[in-house]
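**Q**
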Amino acid sequence: MAAPETFRVSSHLKDIIGRDLVTNEFVAIFELVKNSFDAGATRVDIEFDPDESSIAIVDDGQGMSAADIRDKWLFVAYSEKALAGPENYRDRIRPAGQFAGSKGIGRFACDTLGSSLDLYSRTRGSSKISKLEIDWTLFEKDSKEEFQAVDVTLGDALEFPEIHNASVPIEHGTVLLIKDTRHHWDEVTIKKLRKDLAKLIDPFGTTKNVVVSTWLADGDETQVEGVDGPVGNQIADLLQDKTSRIDVVIHSGMVETTLFDRGRRIYSIKEPSPYEDLGDSRVQGNIYFLNRAAKHNFTVQMGVRPVEFGSVFLFLNGFRIFPIGEELDDTLGLNRRKQQGQSRYLGTRDLIGRVDVTARPKMFREVSSRDAGLVDDARSRALYDAIKRHMIFRLERYVVGVNWKDKRDQDRDTAEGLETDSARERILSIVGGLARSKDVEIVYYDPDIVRVSDDPDQITDNTLKSIAEVAESNGDTALLGQIEDARRRIDELRASREEAREVAQRAIEERQRADARIERLEQQAAFLGSSRDVNVERVQLLMHQATIHLGHVRSAIANVSHELRNVLASASAPEDGLDIDDFEDLLASIRQSARRASASIAGANLSGERLRTVLSFAPNIRVDLQTDKVRGDLLKFFGEYFEVRLAGVPGMPTATFDAAGLSLHREFSPVDVAVLIDNLQDNARKARAKHIEFKASRKGQGPVIISVTDDGVGIDERKVDTAKIFERGYSGSTNGTGLGLYTVRQIIQDMGGTIELVGDGTRADFEIVIPGGDA
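Here this note's numbering is used: the first residue of the sequence shown is -7, the next is one more, and so on.
#1: Considering only DSSP beta bridges, list what histidine 657 is partnered with.
#2: Between leucine 270 and proline 153, what straight-line distance do the alpha-carbon atoms span, to the nearest angstrom?
#3: Could you tell me the alpha carbon to alpha carbon distance between lysine 768 and glutamate 44, rounded to whole angstroms?
#4: Closest to tyrosine 267 by CA distance: which of Tyr280, Arg346, Val247 is it?
#5: Quick one: Cα of glycine 692 to Cα of glycine 424, how far?
#6: Is the CB-CB distance between valine 736 and leucine 638 below 8 Å?
#7: For phenylalanine 630, name the three-state secondary structure that DSSP assigns.
#8: Pull up the distance between the alpha-carbon of alanine 407 and that of histidine 288, whole angstroms please.
#9: Terminal residues of the continuous beta strand (DSSP E) containing aspartate 51?
#10: Quick one, which of Ile717, Arg341, Val50 has its alpha-carbon nearest histidine 164's?
#11: Could you pull out every residue in the same chain whose Cβ sits closer than 7 Å to the Cβ of arginine 328, ignoring the five residues on either side in sequence?
#12: What is the rounded straight-line gap between the Cα of glutamine 504 and the Cα of glutamate 494?
#13: Taking threonine 115 as the reference, which of Lys171, Asp52, Leu251 has the closest Cα?
#14: Given this structure, state the Cα-to-Cα distance separating alanine 715 from leucine 749, to the nearest angstrom.
#15: Is it right to say leucine 320 is buried, meaning 16 or more other beta carbons lie within 10 angstroms of its own, or is it exposed?
#16: Using CA coordinates, which residue listed in Leu668, Leu324, Ile61, Glu659 is at the minimum distance from methionine 383?
#17: In three-state DSSP terms, what is proline 298?
#18: So, helix, strand or coil for serine 699, using DSSP?
#19: With a CB to CB cut of under 8 Å and the five nearest residues on each side skipped, what residues in its chain are close to valine 712?
#20: Would you call the stretch 106 to 126 and the stretch 18 to 26 touching, i.e. three or more CB-CB distances under 8 Å?
#21: Consult DSSP for glutamine 226 and reduce its assignment to one of helix, strand or coil.
#22: With valine 167 and leucine 189 assumed to form a contact (beta carbons below 8 Å), what rounded beta-carbon distance in angstroms separates them?
#23: Find the nearest neighbour of threonine 104 within the set Ser122, Lys123, Val275, Asp127, judged by alpha-carbon distance.
#24: Could you say if the stretch 414 to 431 and the stretch 334 to 352 meet the contact criterion of at least three C-beta pairs nearer than 8 Å?
#25: Distance, Cα to Cα, glutamate 659 vs aspartate 625?
#26: Would you call glutamate 632 buried or exposed, if buried means 16 or more other Cβ atoms sit within 10 Å of its Cβ?
#27: Using the three-state DSSP reduction, which class does histidine 288 fall into: helix, strand or coil?
#28: Between which residues of its own chain and methionine 294 is the CB-CB distance below 8 Å, once the five residues before and five after are set aside?
#29: For histidine 536, I'd like the list of residues in its chain whose CB is within less than 6 Å of its CB, leaving aside the five on either flank, ordered along the chain.
#30: What are the boundary residues of the alpha helix (DSSP H) that includes aspartate 188?
#31: DSSP three-state label for glutamine 332, please.
#32: Residues in the same chain with beta-carbon distance under 6 Å from histidine 243, minus the five sequence neighbours each way, listed in chain order, please.
#33: Count the other C-beta atoms from every protein chain shown that fall within 10 angstroms of the C-beta of lysine 133, then say buried if there are 16 or more, exposed otherwise.
#34: Whose C-beta lies closer than 6 Å to the C-beta of isoleucine 38 among residues of the same chain, with five residues either side of it excluded?
#35: Suppose you measure from the CA of arginine 35 to the CA of leucine 185; what does that come to, to the nearest Å?
#36: Measuring only the C-alpha atoms, how far is histidine 657 from proline 695?
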């Protein structure tokens, strides 16, 4: 036969809902302060006495009778807040804080702080002081003992315990005296606690009807700054008119938004709320953007950098939901979003603010550990989405679209930057975008910003379009009239400017044509002028140069004749014949003479080429014939030589030169350069080419590279050894002298450059590298 049974609760439950649940001493004190707030307190004093190893938490709340302590405080998990219905909840809600939690276990935070507790409490109109004594260590002796079997003592007290700095309750209130503290409390620890309490309770100093104070009982009546006295800060006053901020209220199915910039209201709008899951709550947000100036002011005034203080804090019924807003917290995913390669997003270090949620009990549930935010469900996700989309992202659009476009705005804490026409245009773009949405009602816009500029030059089509959208959205006929007047003035201005532009353009084109004619004349005169410039002195110099080159030719011929006579003399063998060693010496002597003869012939060839070139310059001479060298733009000379000397030469391939807009200033011999070009063109003729092209290029600041290509038959590798084509005397044809490419290489080497055969070896394409004048 079945018998009814009941659960039994181990005394170990105390640890589970006490020290094991609330592991942080700061959070434990915060839990007890929340209970004071829920009791309707207007002041809460927290006193630390290191000598007595005690903590006293004193409030002037409604207090508890012995029956309240027995039936409610000692009733584990009992919570009036959890039992309050929606209507009862709204009747009992207080402006200062509302219900802070709803689990009925916050009182066990006393166990986290100390090993024993004395609770004193008195209700309004009662002369009795109820006293509850708990020794938490008794619950730790035997986990097999049932929780309710561990005794606590409930009775009366004649008076409240003596508190050094705080006043004990007079008519009603509660004192929690926590003894045998489990943590060491000194000035440093209390200062950290105050900072945490300031953020947990009221980080922006906007709650005025509840004062929380801390005290250190150190035997000295002098208050220690940052340790003794009220907890709080004035961040709201510090930032109020110093940066951009957005105020948003979501309630009764509507979203109301107001955006401010350095104390100036930019716009206010209303729109339907898309968040059905938030329908039975009120969400209010105040979020600030921190530019460089705001961050600096914050650090100076608060003694801590904004990023270390926190970001966007979330409050539920007046109490902070931890750790949302902490330095390393990214519950809203702002930092993950910013790190995805988009520098135009705001992260937690760019923002600071608070979001207050007023909701019925259990609508939003806090994670039991008290330091892990809200339980993930549809309502919390809707809340986070509302904070991001209607608060942070809307502020972000303004900051990125208006503030960040002005680099100097980062260092401003006043609104003068909004007075420029460019800033007004950027703001108009934002407001105009809101006006385009059919669901958005523009309640207010700054009339000094949403107006038509008096200067037509400062009015763009986009500006007029944005102003028109705002005016039509609000039915502003006066503003629409301004827009029509502005469009008429702009059309007149554009017409007159177009006429002036056409006149100016005609003048510019005529000037360009004249400049082009002058430039062509100057280019032709740089090195090679007309025959009318030749005078007697120039002709004499020309003949002098011709005599010099003829002398080189005669000398070379004499050297060749001498070497030939040596060869003939050596070839006359003695009558008695030669032995093998003498014969080899004879051959060596002949080879040496032949090489010297070949070198003399090459020299004679080069001198002959130079003579031919000097004589060909006669009609167009502007070269210094005394030095045979000039200092100037080598590529410019190339261009002039191609235009003046190579244009339309019968029987020769058409030659073109492309300088690619480059220049190469250095010393060079125009005669040698002409010989170089003529030899390469003649080689192309022999290869039956119809066209040869010289094209200049340069990599960075390096030397100039001239590529030489033609459309001839190229090189027959069966007949020509490409490795020898630049050697003296080597020729790929039976009637060639083997001096053309050798001469070209000698000239280029004298200029400090190089020439190479490039390509696949079958085409006669060359690459000439010529350094600058300092090489």
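A virtual CB, placed ideally from N, CA and C, is assigned to each residue, including glycine. Remember, it's a predicted structure, so these values are computed and weren't measured experimentally.
**A** Put simply:
#1: Position 665 of the sequence shown, counted from the start, is the residue given in the question as residue 657. DSSP output for histidine 657 lists Asp625 as bridge partner(s).
#2: As a working mapping, residue 270 is identified with position 278 in the sequence shown. As a working mapping, residue 153 is identified with position 161 in the sequence shown. Looking at the two C-alpha atoms, the distance is approximately 46 Å.
#3: Summary: the structure shown does not reach residue 768, with the chain confined to residues -7 through 767, and so no result is reported for it.
#4: One-based indexing of the sequence shown puts residue 267 at position 275. Of the listed residues, the one whose Cα sits closest to tyrosine 267 is Val247.
#5: As a working note, residue 692 is residue 700 in the sequence shown. As a working note, residue 424 is residue 432 in the sequence shown. Going from the Cα of glycine 692 to the Cα of glycine 424 covers about 49 Å.
#6: As a first step, residue 736 must be located in the sequence shown, where it is residue number 744. As a first step, residue 638 must be located in the sequence shown, where it is residue number 646. No, they are not a contact pair.
#7: Numbered from 1 along the sequence shown, position 638 holds the residue referred to as residue 630. Helix, per DSSP.
#8: Sequence index remark: in the sequence shown, residue 407 carries index 415 (1-based). Sequence index remark: in the sequence shown, residue 288 carries index 296 (1-based). If I take the Cα positions, the gap works out to 17 Å.
#9: Position 59 of the sequence shown, counted from the first residue, corresponds to residue 51. Counted as a single uninterrupted DSSP element, the beta strand (DSSP E) harbouring aspartate 51 occupies residues 46 to 51.
#10: By 1-based counting over the sequence shown, the position of residue 164 is 172. Nearest of Ile717, Arg341, Val50 to histidine 164, Cα basis: Val50.
#11: Walking along the sequence shown from the start, residue 328 turns up at place 336. These residues qualify, in order along the chain: Asp322.
#12: For the purposes of this step, residue 504 is taken as the residue at position 512 of the sequence shown. For the purposes of this step, residue 494 is taken as the residue at position 502 of the sequence shown. Each residue's alpha carbon lies about 15 Å from the other.
#13: Here the question's residue 115 lines up with position 123 in the sequence shown. It is Asp52 whose Cα lies nearest to the Cα of threonine 115.
#14: The residue given as residue 715 occupies position 723 in the sequence shown. The residue given as residue 749 occupies position 757 in the sequence shown. Looking at the two C-alpha atoms, the distance is approximately 9 Å.
#15: Residue numbering aside, residue 320 sits at position 328 when the sequence shown is read from its first letter. Classification of leucine 320: exposed, given that the 10 Å Cβ count is below 16.
#16: For this step, residue 383 is matched to residue 391 along the sequence shown. Among Leu668, Leu324, Ile61, Glu659, the Cα nearest to that of methionine 383 belongs to Leu324.
#17: One-based indexing of the sequence shown puts residue 298 at position 306. If DSSP states are grouped into helix, strand and coil, proline 298 belongs with the helices.
#18: Indexing the sequence shown from 1 puts residue 699 at position 707. Strand.
#19: For the purposes of this step, residue 712 is taken as residue 720 along the sequence shown, with counting starting at 1. Once the five neighbours on either side are set aside, the close Cβ partners of valine 712 are Gly724.
#20: no
#21: Indexing the sequence shown from 1 puts residue 226 at position 234. If DSSP states are grouped into helix, strand and coil, glutamine 226 belongs with coil.
#22: Translated into the one-based positions of the sequence shown, residue 167 becomes position 175. Translated into the one-based positions of the sequence shown, residue 189 becomes position 197. Contact doesn't hold; Cβ gap of about 19 Å is too wide.
#23: Along the sequence shown, read from residue 1 onward, the residue named residue 104 stands at position 112. For threonine 104, the nearest C-alpha among the options comes from Asp127.
#24: no
#25: Taking the first residue of the sequence shown as position 1, residue 659 is located at position 667. Taking the first residue of the sequence shown as position 1, residue 625 is located at position 633. Each residue's Cα considered, the two are about 9 Å apart.
#26: Residue mapping note: residue 632 aligns to position 640 of the sequence shown, counting from 1. Buried, by the Cβ-count rule.
#27: Counting from 1 along the sequence shown, the entry for residue 288 is found at position 296. Helix, per DSSP.
#28: Residue 294 sits at position 302 when you count from the first residue of the sequence shown. Only Asn225, Ile227, Leu230, Phe301 meet the Cβ criterion.
#29: The count along the sequence shown starts at 1 and reaches residue 536 at position 544. A caution first: histidine 536 carries a pLDDT of 45, below 50, which makes its placement in the model unreliable, though a value can still be read off. None.
#30: Here residue 188 corresponds to residue number 196 of the sequence shown, with the count starting at 1. Element bounds for aspartate 188: 179 to 193.
#31: Against the sequence shown, residue 332 aligns to sequence position 340. Under the three-state reduction of DSSP output, glutamine 332 falls in the coil class, being neither helix nor strand.
#32: Here residue 243 is taken as the residue at index 251 of the sequence shown, counted from 1. Correct list, in chain order: Arg274.
#33: As a first step, residue 133 is located in the sequence shown; it is residue number 141 there, counting from the start. Burial call: exposed.
#34: Position 46 of the sequence shown, counted from the first residue, corresponds to residue 38. Non-local C-beta neighbours of isoleucine 38 in its own chain, meaning closer than 6 Å and more than five positions away in sequence, comprise Ile49, Thr206, ordered along the chain.
#35: The count along the sequence shown starts at 1 and reaches residue 35 at position 43. The count along the sequence shown starts at 1 and reaches residue 185 at position 193. If you take the alpha carbons of arginine 35 and leucine 185, they lie about 17 Å apart.
#36: Along the sequence shown, read from residue 1 onward, the residue named residue 657 stands at position 665. Along the sequence shown, read from residue 1 onward, the residue named residue 695 stands at position 703. Rounded to the nearest angstrom, the two C-alpha atoms are 11 Å apart.
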